[in-house]
Structures are given as C-alpha cells and as structure tokens.
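Following: one structure in structure tokens, then a few remarks.
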Amino acid sequence: MASAWIWRIAYIFFVGALTFVVASFSEASKVVNFLEDHEVELVENNQALVAATSIANLHDKSDAYVLNTPLYEQTFEDNELKLTFSIYPFVTFKDNQAINQIAFLITDLNIEDNLAKKDDNDYHMMYIEFVFDRDLDVENNNKRVFMEYTTPLFDDTGRMIIINQELLDTPTGQAQLQTISILYEITSGEKLTLVVLANSLLIETTPSDMFSASYSRDIAQLTDENLDLVTQFGTTNLNENPLIYYDSMWLEKLDSYNTIYVKNILIELAIVLPLTYFLFFHKHVLRHLRQKRLNHSA
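Below you can see the structure in the form of structure tokens.
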C-alpha cells in the first residue's frame, strides 16, 4: 500500500515537471516566433527592436518606452570589419511601476577573420565587456568588470544586451560606465578587442582597438541624468511624448502567440490522460466490467 502511494506521488511530480517543461518550451517558442515573424519591421527600426525584444523577454506583460535618439551611436568600418554600436535608454512599465533600462545594440556586424570562432549556427562568438567606476555587489561578490556573451538577434549581424539600471545602484550612488569593449573570440580561445568606448569624464585615454582613431568613442553622455528617463519625463502620458518611441501593438501582438501554450498543453493532455488512465484506472475498470459480467451471468 505504501509503495502504491509512493508511486502515485512520484507520478504527480512527473506530471508537474512535464508541465513545467512544456510551459517553458511554449514561452521560448512564443518569444522566438514573435520576433522572427516581425523581423523585417524590427531590423529597420532600432527603437522598435529594443521595445519588442524587451517586451518579449521579460515575460510579465511590461510595456516599453524607448528614447527616440540614442545617447551614443557610431558606425565603425575598416576593410574587413564593420559594426554599428548604439546605446538606448528606455523604461519598462507595468502596474504603475517604472524601471529604467539600458539597451546596448550591435547592428551591421561583419567580421572577415579566418581565425574567428563560430558557434554551431556559424555565428561569431561576440562579447561585451563593461567596466564600471565602482564595485557592484553581484551575488555577494564585489566586482566592477563584467564580460557578457551576446546572443545573435536574427542572424550574425546583430546583438543586444539589456541592463536593468537598478542593478547599478550602490551605497555610494549609481555606478558609472567607465569603458565598454566589444570583443570576438578566435579559435585559440583568445578574445580580440574590436572597439573600446570610454567615458571622458572618468578616463583620460581611450585604449586602442582595431578601428581608426577618427571615430567617436566618448560615452560621457551616459550620465545618471540622461539615463534616468523616469525622472526626466515622468510616468504620465509617456506614449504621447515626441521624444519617446512607443507602440502599444507590440504587447498585443505578443499576446496573440499565446495559442502556442494552448496547442502544447493539448498535446501534453493527449499524452498524459491516456497514460494516467492505463496506469491507475484501467485495471479497476476491467475488474468492474468483469464483475458486472459475472453478476449478469449469475
């Protein structure tokens, strides 16, 4: 009897775990399908790309309001190398709670280097290194240098990293970005620096990189005041502010992909219900029918 209950409890945990996997897979599929289906619109509009990507990946029905003009944007180009790097502050908004965010966007990426390492999809292994002017407490570890791997957007030409500005708060004020470096990995495992941006208010000399010194690399515009859109513009009628990009349709379009959940849950039920029947009820039904026939014969 005890073993039967153990088996039933284990089965309940199995169904729960399966449901969690199905829900997680459905959410991932929802995000991927949503972004891929709107790729043409998004690659032509950086603000829309930031908003839609943020909305899709937060999974909590937050809306996004993006500053129309990036605080920094520069195209770097050499014979075999090219990229455009843009920095957009934006606000996510849900249930009267507004959170400042920063999007670091790489577009038009092209690297002609036979030694460059690529992933299974033949995409370059790209990283962004952030160096702050003070330590940040991350999981009880104080550090000011962060190396982040960047996943491709739609193809090898685009990458994006989003930082919640609340994570930059410290007891002595908000941490300021001192330098930003964009790197790619080569087959030996070494990471080569494509370009380095520096805050002229915090560092005197910008480290060298692979592009001409004529390009602008100063990120001094990334001040607390410029990044804090909530304080600048408030939270009332943000959608009507001409300096802000906002499109309510992105959240509605994302919600239209909830049918993926329904389809996958129905598939799960089509598997779990028959399995549950045969494991726990089939023998009892057969016994009942057999007894019923015997009683009828008598």
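Note that our numbering has the sequence shown beginning at -9, numbered continuously upward. Glycine included, every Cβ here is placed at the ideal spot set by N, Cα and C.
| message | Let's test the definition: count the other Cβ atoms within 10 Å of the Cβ of H49 and tell me whether it reaches 16, buried, or not, exposed. | response | exposed
| request: Compute the beta-carbon to beta-carbon distance between L167 and F122, rounded to the nearest angstrom, for a pair I have assumed lies under 8 angstroms. | output: 6 angstroms
| Where the beta strand (DSSP E) through E119 begins and ends | M116 to V128
| message | What ranges does the beta strand (DSSP E) occupy inside the segment 9 to 70, keeping only unbroken runs of at least 3 residues that lie completely in it? | response | 53 to 57 and 62 to 67
| query | For Q87, is the classification buried or exposed, using 16 other Cβ atoms within 10 angstroms of its Cβ as the cut-off for buried? | reply | exposed
| query | Can the beta-carbon of N189 be found less than 8 angstroms from the beta-carbon of A203? | reply | no
| query | By how many angstroms is the C-alpha of T141 removed from the C-alpha of S238? | reply | 26 angstroms
| said: Could you tell me the alpha carbon to alpha carbon distance between A7 and I250, rounded to whole angstroms? | reply: 19 angstroms
| said: Do L184 and M200 count as a contact pair if the criterion is CB distance below 8 angstroms? | reply: yes
| said: According to DSSP, simplified to helix, strand and coil, what is Y235? | reply: strand
| task | Please go through the segment 81 to 111 and give each complete beta strand (DSSP E) segment of 3 or more residues, from N-terminal end onward. | result | 87 to 101
| query | By DSSP, does G6 sit in helix, in strand, or in coil? | reply | helix
| message | Between S206, R134 and L191, which has its C-alpha nearest S198's C-alpha? | response | S206
| message | Using 8 angstroms for Cβ pairs, my map puts L233 next to N58. What's the rounded Cβ distance? | response | 6 angstroms
| task | Go ahead and label A0 buried or exposed: buried means 16 or more other beta carbons lie within 10 angstroms of its beta carbon, across all protein chains shown. | result | exposed
| message | Just to confirm before moving on: does the CB-CB distance between D146 and H114 stay below 8 angstroms? | response | yes
| request: Might you give, ordered along the chain, the residues of its own chain that have their beta carbon closer than 7 angstroms to the beta carbon of D214, omitting 5 neighbours on each side? | output: Q164
| message | If I measure Cβ to Cβ from K20 and keep anything under 6 angstroms in the same chain, skipping five residues before and after, which residues do I get? | response | Y247 and I250
| DSSP puts D208 in a beta bridge; with which residues? | A188
| Between L182 and R(-2), what straight-line distance do the alpha-carbon atoms span, to the nearest angstrom? | 55 angstroms
| Comparing alpha-carbon positions, which option in F15, V11 and T43 lies nearest E26? | T43
| N154 - DSSP class collapsed to helix/strand/coil | strand
| task | Using the Cα positions of I153 and F4, report the straight-line distance between them to the nearest angstrom. | result | 36 angstroms
| query | Based on the DSSP output, what are the partners of L219 in its beta bridges? | reply | Per DSSP, none; premise fails for L219.
| query | Is it the case that the Cβ atoms of Y78 and Y236 are separated by a distance below 8 angstroms? | reply | no
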